[in-house]
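Just so we're on the same page, the numbering used here is the position in the sequence shown counted from 1, plus 7. Heads up, the thing below is written out as structure tokens.
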Amino acid sequence: MKVDLPPSSRVNVSSPTHVAHVLPLMRSCSMGWWLPRVLLLSSLVYALVILAWSLHIHSYSRASIAAFGKQKSEAKTASEILRTSYTTGIIAQQREQEAKVRATSGNVPNALQVETDLSMVQKGLRIPQEAAVATIQIEDVHDTASKSQSLIRNNLYKKYDKDGQDVRLYPQKEMEQRDLKCIGWRATGKCSPYGPRKPEKDEGCDTRISPRLSGFCEVEDTKTGERFRVMQRYCNSLKDDAKFFCSDAAKFVNFRYEARKAVDLAQSAISMDHNREEIDSSEFSNGQRDGIVMVVYPKLVPSAYAAIKTLRSVLGCKLPIEIWYSSDEMDLMSDITKPLNALASENPTLMRFQEITIESHNNVFGAKIAAIYHSRFARLLFLDADNMPSRDPTFLFNSREFLDHGAVFWPDLWHPNRTIFNIHSKSLLWELLDMPFIDMFEQESGQLLIDRRRHTLALELVMFYSFHKPNFFTSMQLVHGDKDLFRLAWLTLEAPFHMIKTPPALAGKFINNTFCGLTMAQHDAQGAVLFLHRNSHKLMGEVLREHVAYKMRAKARLKKIAELRWQYQREGKQIPVLHELHEMAEISETPSPTVDLPESDGYPDAIVWTHLQSFKSTSKLEDYNVQAYSVASNPQRCYGEPDASKSAHFGLQEIATLPFAGLETYLRRYAAEAVAIQMAVAE
């Protein structure tokens, strides 16, 4: 470095004689001028280095963000392309399913469509990792801007692996059964199994899951390692008291295979011939192969007696009748069954008793299915014991609907848009059956018309549905009792049946100026009333009284017994034994109030058929909306339209103007007659 000195300080350094004097002077000048300038220059260089380094980092960060943005854009584009492809595929699948439904359920009213959730586009396909990465917020990049792009990518894929597992929908209509094991419950949001994942709400396989949560059970194929989502639930897929465990997932999926196996075995087994065997003509008069089947238990004996005697004496029906019973509930030699024995003795060839097999033990709804399955009739009309035809039903066996299809069913009050049994498009029922949702009325099984020879396999499947263990229909409350099992079995096998098109009417009376429907009225194929099912107000043959407060009555009885003891003791009389005191106290008790006022004709059962509320034929079926309600203090549950005068879709008729006027009087008389026979025998 060159240093300028002042003129007075200049010396001739070229002269050797002056070197010794000049060196001390130069050392002194360097210390005075060089140090500040070196420090200043160093600071400047340091600042430039810091500035350059900062610019480099900023440039790298922007490059990283831009690179990720491009990656996200590409992933989004790929995801959109994939979604378009999926949607195209599912539309084709939906059209195929709709065509299938139209082909197989032409006689099912209101089978309008097969609902397809657009989220089902994921079916059978794997969720691409690029799509999962694209959903991650760009803020993640700011936290890792100083890291390499490979490290960023690794972190993103780790997050994907945690929150977006590659889980497939279980294939529909798959023929080969899989060996599945439960992984656990996977919670989702937005009340949909296809909603965003909620890993913090996941549960193990043995945890009971609330019916109001959405999600699915994850299972793994132990052979292939594939993972599937099964038992998929919306927030309304189950009723509130349903029992749901993912530990049942494997059995839930296997139900479809076992049902198919039961049908296949029945189809090929020789033992199935019992459903085709000829009826012994000596068993019933005129070799009839058509007949009526009933299941009776003690409480319904008066009702069954009234129905059978009305069929014979009033309507002139000559069809033979099978009475099915459980020996655990009824003894044919007991006083309870004497009224039915009296009817059978009048014409033994037209009425017989059949004991229900062990198959229906501890399955109250299975009794009906077992009776139909084991009946000796080739073609039968099943009637609940509290269901009364309005005219001789023999003509049904020659009706065009029955001859064409071999089965005629009747609709219930409920349909997917208005159901108290939770059977709708998002019910878990459809996945259990491995079938698409069918938009139609629910079934009411108080009456069934079946040709057993033509529908052997369907009856085999109904038996499987009723008695298979575990019974998911019951534990998950997917259906109510047996009422929908028949149509579901027929639909599963694509077997033909005719569902009566006219929705049920309601027979009832007015309570405090409010209509109260207490009996379901079913129609024939032409729309005329044919059956009156007293499922809400059964015939008892005795006065119906209000519910007794047993605890209060027991306290009152003990108080009365104490008073009697004190009275005998005070009078110096011998105190009766305890059971005699109980009888004395019971005699003094006031009976609980009757539910209904006494009728003028003296029969104990109340008159409940004064009006018929029917759905107007000019209204659309989607406007069929039956309400369930209570009227004042009446304990009976009412159904229908409370204010019929304001209803746009329901009309009202007086029973007295209809062809079956007076029918209820016969039924009430015969029910009282049955109770009188029971009491007379007991005395």
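A virtual CB, placed ideally from N, CA and C, is assigned to each residue, including glycine.
CA nearest to the CA of residue i, picked from the options
i	options	result
K653	E467, A392, R460 and N520	N520
V633	F538, V615 and M527	M527
K516	T617, R461 and Q660	T617
I457	W331, P346 and I299	I299
T509	E661, S310 and K627	K627
E501	A465, E661 and P477	A465
Y691	T499, P611 and E181	Past the edges of the chain, shown from 8 to 690, lies residue 691, and the structure says nothing about it.
P666	P396, E362, Y264 and H381	P396
R236	V174, L420, E671 and R644	V174
G191	G202, F223 and E183	F223
R4	L440, L322, M337 and H412	In the structure displayed, the chain extends from 8 to 690; residue 4 sits before or after that span and is not available.
H381	R460, E207 and R215	R460
Y677	P346, Y575, D342 and E233	P346
V638	D630, Y631 and G647	G647
L485	V615, L435, C324 and I507	L435
L307	K476, E336 and A59	E336
G413	R425, N429 and H462	H462
A269	T664, V469, P218 and Q685	V469
Sub-9 Å separation of residue i and residue j beta-carbons
i	j	result
L388	L403	yes
F384	E329	yes
F504	L390	no
V226	A257	yes
A512	Q620	yes
Q533	W417	no
C198	C242	yes
G453	H540	yes
L326	P400	yes
F479	F262	yes
A311	R675	no
A679	E549	yes
S406	D531	yes
Assigned secondary structure, residue i (DSSP; H/G/I helix, E/B strand, else coil)
i	result
S289	Note that S289 scores 44 on pLDDT, short of 50, meaning its location in the model is unreliable; the coordinates nonetheless yield the value given after this. DSSP places S289 in coil when its eight states are reduced to three.
G232	coil
T499	helix
H586	helix
W437	helix
R109	Because the pLDDT at R109 is just 43, under 50, the model does not fix this residue reliably, and the point stays unresolved.
K627	coil
Q685	helix
E671	helix
M527	strand
D650	coil
T195	strand
C242	coil
K545	coil
Y177	coil
I216	coil
I88	Because I88 sits at a pLDDT of 45, beneath the cut-off of 50, its placement in the model cannot be relied upon, and the following sentence gives the value as read from the coordinates. Correct three-state label for I88: helix.
K562	helix
S621	strand
D255	helix
F517	strand
A639	coil
K188	strand
M301	strand
L326	coil
R204	strand
F262	helix
V237	strand
L539	strand
Q576	helix
V226	strand
Y610	coil
For residue j and residue i, believed in contact at Cβ under 8 Å, the rounded distance
i	j	result
H656	F622	6 Å
T214	D186	Not quite, the Cβ-Cβ distance comes to about 23 Å (not below 8 Å), so this is no contact.
I363	Y332	6 Å
W437	F444	5 Å
D489	K375	6 Å
I343	A514	Not a contact, Cβ separation roughly 28 Å.
M483	L245	6 Å
is_contact[residue i, chain D] using C-beta, thresh 9 Å
i	result
S432	Of the protein chains in this structure there is only one, and it is not chain D.
What are the uninterrupted segments assigned as alpha helix (DSSP H) that are 4 or more residues long and contained completely in the region 343–431, given in chain order? Under the rule that a run must span 4 or more residues, the alpha helix (DSSP H) segments found entirely inside the region 343–431 read 345–353, 373–381 and 407–412.
Ignoring anything shorter than 3 residues, give me the beta strand (DSSP E) runs that lie fully in the region 448–514, in order along the chain. Fully enclosed beta strand (DSSP E) runs of 3 or longer: 450–458.
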